[in-house]
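For the sequence shown, numbering that gives the first Met the number 0 begins at 0 and goes up steadily by one. In this text, a Cβ means the ideal position worked out from N, Cα and C, and glycines have one as well. Predicted model only: the values in this text are computed from it and were never measured. In what follows, a structure is listed as C-alpha cells, so that the remarks can point back to it.
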Amino acid sequence: MYDGVATLVKYGESTFDEYGNEIITPELTEVFVQPRGVYQSEYYNAAQNGLKPSLTLYISTREDYDGQKVVVYEGREYSVIRVDWNAQRDGISLICEERVNG
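Quick look at the structure:
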C-alpha cells in the first residue's frame, strides 16, 4: 500500500538574474511511496562508507524516478544514497539518509 507522498527534487540548470546572482530552480515531482525501515545489514554496510541510512522509500514505477538525489518526505529532507531497481516488479527502492543543515 502506497500511503505516503514524497517530493523528488532535481536541480536544473542555473540562470542569472539582472544583478548576476545565480538562480537554481528545482524541479519537483510528487510520487506515492511506501515507507520502509532500513535493514540492519544495509545500515552496517553503509556505515563502513561513512553513510547513515535512515529511511527506505519504495516507488511503484520506474517512470517516476529520474535520478533525483534529494527527497522530501514528511517535512524532512533526505539524500538518496542508493537506488535498488526491483527486477521482479517495476518499482524501485530509494535508500535515503537524512540531510542535516549545518
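Three or more Cβ pairs closer than 8 Å define a contact, and the segment 53-62 meets that threshold against the segment 81-97. With a cutoff of 7 Å on beta-carbon distance, LEU27 and THR14 are scored as not near each other.
Assigned with DSSP and collapsed to three states, ARG81 falls in strand. Between GLU29 and VAL70, the C-beta spacing is not below 7 Å. In this chain, VAL99 is not harboured by any beta strand (DSSP E), its DSSP state being neither H nor E.
Excluding residues up to 5 positions away in sequence, LYS68, VAL69, CYS95, GLU96, ARG98 lie with their Cβ nearer than 7 Å to the Cβ of SER78 in the same chain. A Cβ-Cβ distance of about 12 Å is found for the pair ASP16 and ILE23, leaving them out of contact under the 8 Å criterion.
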